[in-house]
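**Student:** Got a structure for you, written out below as structure tokens; questions coming shortly.
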Amino acid sequence: MKTLDELYARIDALGMEGGWHRKQPSLWPEPRANFLPAQWRYADVKPILEAAGHLVDHELAERRNLTLTNPLPGNGYATVRTLVAAYQSIKPGERALSHRHTPNALRIIVEGRGTYTVVNGTRVEMRPGDVLLTPSWHWHSHEAIGPDECFWVDVLDVPLVHLLEPMFFERHPDRCEPVRENVESCPLAFRWEDSLQRLDAAFGAPADAMSEREIELGEPAMKTVAIHVQRMGEDFASPEHRSTANAVFTVIEGAGRTCIGDKEFAWQRGDVLAVPAWQPYRHRVSKNAHLVRVSDEPVMRAFDWLRQR
Ligand code: GTQ
Ligand code: FE2
Numbered sequence: 004m005k006t007l008d009e010l011y012a013r014i015d016a017l018g019m020e021g022g023w024h025r026k027q028p029s030l031w032p033e034p035r036a037n038f039l040p041a042q043w044r045y046a047d048v049k050p051i052l053e054a055a056g057h058l059v060d061h062e063l064a065e066r067r068n069l070t071l072t073n074p075l076p077g078n079g080y081a082t083v084r085t086l087v088a089a090y091q092s093i094k095p096g097e098r099a100l101s102h103r104h105t106p107n108a109l110r111i112i113v114e115g116r117g118t119y120t121v122v123n124g125t126r127v128e129m130r131p132g133d134v135l136l137t138p139s140w141h142w143h144s145h146e147a148i149g150p151d152e153c154f155w156v157d158v159l160d161v162p163l164v165h166l167l168e169p170m171f172f173e174r175h176p177d178r179c180e181p182v183r184e185n186v187e188s189c190p191l192a193f194r195w196e197d198s199l200q201r202l203d204a205a206f207g208a209p210a211d212a213m214s215e216r217e218i219e220l221g222e223p224a225m226k227t228v229a230i231h232v233q234r235m236g237e238d239f240a241s242p243e244h245r246s247t248a249n250a251v252f253t254v255i256e257g258a259g260r261t262c263i264g265d266k267e268f269a270w271q272r273g274d275v276l277a278v279p280a281w282q283p284y285r286h287r288v289s290k291n292a293h294l295v296r297v298s299d300e301p302v303m304r305a306f307d308w309l310r311q312r
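For what it's worth, our numbering labels the leading residue of the sequence shown as 4, then goes sequentially.
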């Protein structure tokens, strides 16, 4: 080995690379904000789910859901790096069979009454504004009794599980898990009226000043996922903020505009916004609003990677 070229050829042949002459750096000064700002409008999605209700047999589909794919080139699934969001609907008389998986999941109910979810044998109604948790490896099924077709937003940490690889999934041997108890409330169901009461009692704005009041559902809700409910009044304007946490926002009510990176989105009830890590964003509200922010903050905190600016 007399020349650098020979040296590099030998290094390469053994499946190695000199850290001093990498083509791509492995470290850089701050997050690159690869994932893109994005929005999905409930007004666009609802008619599609209704049509799917006629055209897609629920027995075949098992879950009638539409995943929200971030427009980052090459991405085929995730909404932000660690999380996937999906709209899901179910019609009276339908049942989504029981299964369990290692990814954590939660649902934010947008519209409709008379749909129940069964989590590890506990059956609870899902009403608009409620947030329901199905933590890792908990059995869960959904059934709609009516009167309404029900629409909600799912958020799962599936992309994180894809990255780390600990994926397990299985269907319940009985198709539908037997119901052990019917409850009005349980630790896995956050009722909208309780969230409103807690917001009424909340004191002062959160440290990031991104809303007028904020509560957290759970502490955190699940090991990888945090859920915050934010309240902002008409004419509220936030400062610009960025965080290493990846977030998905769902609009429970109200209207406004949010700038994320170089994009601006006008939003209203049922819309979903992707706010990927380190994308600067700010809100301006035009009609009293409640937003639910789902983020991977617990992951960032656990490894001392949560930074905000
Ligand atoms: O309702 O159990 O959107 O397992 C994706 C995967 C929903 C669910 C999704 C799921 C579910
Ligand atoms: Fe599931």
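Cβ coordinates follow ideal geometry from the N, Cα and C atoms, glycine included.
Give me the residue from W142, L294 and P162 with the minimum Cα distance to H175.
**Tutor:** Measuring from the Cα of H175, the nearest candidate turns out to be W142.
**Student:** So, with DSSP's three-state summary, where would you put A292?
**Tutor:** Reduced to three states, the DSSP call for A292 is strand.
**Student:** What are the start and end residues of the beta strand (DSSP E) that includes W270?
**Tutor:** K266 to W270 is the extent of the beta strand (DSSP E) around W270.
**Student:** What number of angstroms, rounded off, separates the C-alpha of T247 from the C-alpha of L309?
**Tutor:** So the two alpha carbons sit approximately 6 Å from each other.
**Student:** Alpha carbon to alpha carbon, what distance is there between D160 and R13?
**Tutor:** About 41 Å.
**Student:** Touching or not, the segment 57-69 and the segment 185-193, by the rule of three or more beta carbon pairs under 8 Å?
**Tutor:** Flag = no, the segment 57-69 and the segment 185-193 do not touch.
**Student:** Label Q42 either buried or exposed according to how many other C-beta atoms from any shown protein chain fall within 10 Å of its C-beta, with 16 as the threshold for buried.
**Tutor:** Result: buried.
**Student:** Taking the beta strand (DSSP E) that L100 falls in, what are its first and last residues?
**Tutor:** R98 to H104 is the span of the beta strand (DSSP E), which, as asked, contains L100.
**Student:** I need the DSSP call for Q311, collapsed to helix, strand or coil.
**Tutor:** If DSSP states are grouped into helix, strand and coil, Q311 belongs with the strands.
**Student:** Along the chain, where does the alpha helix (DSSP H) that runs through R67 open and close?
**Tutor:** Here R67 belongs to no alpha helix (DSSP H); instead the beta strand (DSSP E) covers R67 to T70.
**Student:** With C-beta atoms as the reference, is M170 less than 9 Å away from P106?
**Tutor:** Contact flag set, yes.
**Student:** How should F38 be labelled, buried or exposed, when 16 other C-beta atoms within 10 angstroms of its C-beta is the threshold for buried?
**Tutor:** When all chains shown are included, F38 counts as buried.
**Student:** In its own chain, which residues sit with a C-beta less than 8 Å from the C-beta of E33, not counting the 5 before and 5 after it?
**Tutor:** Answer for E33: W281, listed in chain order.
**Student:** So, do the segment 72-90 and the segment 211-224 have three or more beta carbon pairs nearer to each other than 8 Å?
**Tutor:** Segments in contact, no.
**Student:** How far does the beta strand (DSSP E) with G259 in it reach, from first residue to last?
**Tutor:** Per DSSP, G259 belongs to the beta strand (DSSP E) from A250 to I263.
**Student:** Quick test of your reading: S101 and C179, contact by CB under 8 Å. State the CB separation rounded to the nearest angstrom.
**Tutor:** With a Cβ gap of about 5 Å, S101 and C179 count as contacting.
**Student:** Count the other CB atoms within 10 Å of the CB of H57; is the residue buried (16 or more) or exposed (fewer)?
**Tutor:** That one is exposed.
**Student:** Consult DSSP for L191 and reduce its assignment to one of helix, strand or coil.
**Tutor:** Here L191 sits in coil by DSSP.
**Student:** Would a C-beta distance cut-off of 9 Å place V156 and G273 closer than the cut-off?
**Tutor:** Result yes, Cβ atoms of V156 and G273 sit closer than 9 Å.
**Student:** Count the CB pairs spanning the segment 122-134 and the segment 80-91 that are closer than 8 Å, and state whether there are at least three.
**Tutor:** No: fewer than three Cβ pairs fall under 8 Å.
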